[in-house]
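Chains as they are written, first to last, in the UniProt record's numbering: chain A, 1 to 233; chain B, 1 to 233.
In what follows, a structure is listed as C-alpha cells, so that the remarks can point back to it.
Number of protein chains: 2
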Amino acid sequence: MTSSEPTPQDGAQPRRRDARQNRERLIVEARALIAQNGVDASLEEIARRADVGVATLYRNFPTRDDLVRALYDIALAELATVRDEIAAAPTAWAGIELYMERVAEWLVADPALPHILKRMEVIDPGSGKGTEFQAVIAGLVARAKKDGALRADVDAVDLAVLVTMVGSLGTHGGGHTGQWRRQLAIVLDGLRLPATDRPRLPGRPLAAREFQAAVHGLTRRAKRAASGAGSGR
Amino acid sequence: MTSSEPTPQDGAQPRRRDARQNRERLIVEARALIAQNGVDASLEEIARRADVGVATLYRNFPTRDDLVRALYDIALAELATVRDEIAAAPTAWAGIELYMERVAEWLVADPALPHILKRMEVIDPGSGKGTEFQAVIAGLVARAKKDGALRADVDAVDLAVLVTMVGSLGTHGGGHTGQWRRQLAIVLDGLRLPATDRPRLPGRPLAAREFQAAVHGLTRRAKRAASGAGSGR
DNA sequence: GGCGACGTGGAGGATTCCCTCCGACTCGTC
DNA sequence: GACGAGTCGGAGGGAATCCTCCACGTCGCC
Chain A
1 MTSSEPTPQD GAQPRRRDAR QNRERLIVEA RALIAQNGVD ASLEEIARRA
51 DVGVATLYRN FPTRDDLVRA LYDIALAELA TVRDEIAAAP TAWAGIELYM
101 ERVAEWLVAD PALPHILKRM EVIDPGSGKG TEFQAVIAGL VARAKKDGAL
151 RADVDAVDLA VLVTMVGSLG THGGGHTGQW RRQLAIVLDG LRLPATDRPR
201 LPGRPLAARE FQAAVHGLTR RAKRAASGAG SGR
Chain B
1 MTSSEPTPQD GAQPRRRDAR QNRERLIVEA RALIAQNGVD ASLEEIARRA
51 DVGVATLYRN FPTRDDLVRA LYDIALAELA TVRDEIAAAP TAWAGIELYM
101 ERVAEWLVAD PALPHILKRM EVIDPGSGKG TEFQAVIAGL VARAKKDGAL
151 RADVDAVDLA VLVTMVGSLG THGGGHTGQW RRQLAIVLDG LRLPATDRPR
201 LPGRPLAARE FQAAVHGLTR RAKRAASGAG SGR
C-alpha cells in the first residue's frame, strides 16, 4: 500500500472523534454515489447525503482524486487478504481458481470499483495491484502450466483481463444474483488443460427477463427518469 | 386541417438537405462524446463539436433519451446483418461462434454502445434485440447441444451474458488491440463440448504495461486532469 | 431571380456544481 | 465548568449546463 510514506500523522488517529466519523460517512456515501453515477458524481450531493457540509468534504479530500485514491486504498486493503489465501492453496491450479474467484468477487461486491480503478489508472498510472500482485500470479501460472493444469498459451495478464471481464458483470447489477459464478466457471473450463471432467456449473441460468433486468445499471439519470417523467434534467 | 404531409413511412427523407447533414453530424459527435463521458455527456458540447447551434440538437432530439434511442436504432441496424450471417453458418456450433464473435465485435467497435444499451434498458425495458434475436440463438443452442458440440448446462441467456462480458473489454479501451479475441477464444473453449483439440489462441498476450494502459477508459475529467497536470494540490 | 417555408443560431433565465472563506460550534483537556 | 484549538456549515462568486424563444438565414421550388 502507499501508506508506507513517512507521513507524520498516519498510523494513529490524531484527529477528533467526530472528524473521523464524518470522514467515515463521507467515504460510505461517496462509494454509494460513485457506484451509481461514476467518478463524476456530485461532491455536493455526497456531502449532503453524509449530513455534512461541503467544506468538510473538501477538508478531508482536497481534490476529487484524493477521494478516489482513498476509496482505492480501502478496497485494495480488502484485497490483501486474498493474497494470503492464494498462498495457502494446495495446488497452483487451485490458487488460480481462488485468484479468479476472489478477485471477481471483490470486483462484483463493490459496483463503485470499476469506476475507481478506471480513474486510478489515469491519476496514477503504473502503480497498484499490478506491480506486486501480478508477480505472485505469474509464478502461480508458471507452476500450473508445469503441472499440466493450465493451458500453455495464456499468461498472467490474460488472467487479469479475464477476471476484469468477469468482474464487469457486477457493474450490470447482476452481482447480487451470483450469476457471475456461472460465467467464471465457463472461463475456468476454458483455461483448464485436461478439460475432461467438468464440474457442474454453479447456480442456474438466468431467465431472459432476468437478464434484461440485470443489465439495469442504474445511473442517477436513470433513477430520476424512472420516477419522474422523461424530461431529462 | 393542417397541411401535414401524411409522411406515409419514415423511410423517405422529407427534410431539407442541410438539415439531414446536421442531424448526421450530431449523431457522429454524440456517439463520440458518449463513448468518452457516458450518457450524461453535455448536449451543448455535442452541438458545439458538430458546429451546430443547441437549438438544432433539441429540434432533432427533443429529449436526451430521443438521442440515445436514435443511436440505439442505428447500432441495432448494423447488428441485423449479423443475423443473416449466423443463419448461413454450416453448423449450429459455427453459428454460435459467429454469434459470439460478431456481437462481441459489435460491442467492442463502438465504445458508446455499453452506455447506450444500459440507458436503453431504463428508457424502454423489455424490447429490442432480446426479443427476436434471442429466439434465434435459443434454437441454435438447442441444435448445438444435440450435435454434442455445446455443453448441456448452458442456455442462450448464458451466451448473452458471456458476450456482454467479452464486449465489455472494449470499454476499457483494449478494443483496438483485438485483445478481446483471446478472451473470447477461451470462453468458447469453455463452452465447447469435446474440448480435446483446442485451436490456438489468436493474437499474443498483453504485456503487463499494455494491460494497464488498456484500462485507460478516458473520461472527460480524465482528459482534463491529464492536460492540466498536477494543479490538484 | 425571387419568395416562402423550413431550418438555424445564440441569447438568456433557471438550476446545478465547484471550490473558498470565515464566523460559529464542539471535542478534549485542565 | 471553561478555554482553545480543531472542526464545522453554509454563504457566495464563477462556470457549466439545460432548455426555450424568437429574429434571422438558407434551401428548394416557381
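For every residue, glycine included, the Cβ atom is placed at its ideal position computed from N, Cα and C.
Assignment of residue 15 of chain B by DSSP, reduced to helix, strand and coil, places it in the coil class. Counting along the chain, the unbroken alpha helix (DSSP H) around residue 189 of chain B starts and ends at 180–191. Ranked by how close their Cα comes to the Cα of residue 182 of chain A, the residues A:193, A:194, A:192, A:169 have A:169 in first place.
Residues of chain B with a Cβ closer than 7 Å to the Cβ of residue 165 of chain A are, in chain order, 165, 166, 168, 169, 183. Straight-line spacing of the CA atoms in residue 93 of chain B and residue 55 of chain B works out to 50 Å. Taking every protein chain shown into account, the CB of residue 95 of chain A has 16 or more other CB atoms within 10 angstroms, so this residue is buried. Nearest CB-CB separation between residue 190 of chain A and chain B: below the 8 Å threshold. At a C-beta separation below 8 Å, residue 179 of chain A has these neighbours in chain B: 161. Looking at the backbone, the Cα of residue 125 of chain A and that of residue 80 of chain A are separated by about 20 Å.
In its chain, beyond the 5 residues on either side, 191, 193 have a beta carbon closer than 7 Å to the beta carbon of residue 151 of chain A.
Legend: CB atoms of the segment 11–34 of chain A lying less than 7 Å from CB atoms of chain B are not found in any residue. Residue 118 of chain A counts as buried, since at least 16 other C-beta atoms from the protein chains shown sit within 10 angstroms of its C-beta. For residue 187 of chain B, at least one C-beta of chain A is nearer than 8 Å to its own C-beta. Taking 8 Å as the CB threshold, residue 148 of chain B stays off the interface with chain A. Close to residue 38 of chain A, with beta-carbon spacing below 7 Å, are these residues of chain B in chain order: 38. By the Cβ test, the segment 99–116 of chain A is in contact with the segment 19–39 of chain A, since at least three Cβ pairs between them sit closer than 8 Å. If you look at residue 82 of chain B, you'll find it in the alpha helix (DSSP H) that goes 64–87.
Under DSSP, residue 150 of chain B shares a beta bridge with B:192. For residue 169 of chain B, no alpha helix (DSSP H) segment is defined, and its DSSP state is neither H nor E. Contact between residue 104 of chain A and residue 166 of chain A holds: their C-beta atoms lie close to 4 Å from each other, under 8 Å. Residue 21 of chain A counts as exposed, since fewer than 16 other C-beta atoms from the protein chains shown sit within 10 angstroms of its C-beta.
Under the 10 Å beta carbon count, residue 135 of chain B is surrounded by fewer than 16 other beta carbons and is classified as exposed. For residue 163 of chain B, the secondary structure class from DSSP, reduced to helix, strand or coil, is helix.
Annotated three-state conformation of residue 53 of chain A is coil, per DSSP. Counting the other CB atoms within 10 Å of its CB gives residue 28 of chain A a total below 16, which places it among the exposed residues.
B:139 is the residue among B:45, B:139, B:42, B:120 whose C-alpha sits nearest the C-alpha of residue 86 of chain B. The beta carbon of residue 163 of chain A sits closer than 8 Å to the beta carbons of 99, 100, 103, 104, 107 from its chain, once the five residues preceding and following it are set aside; these are given in chain order.
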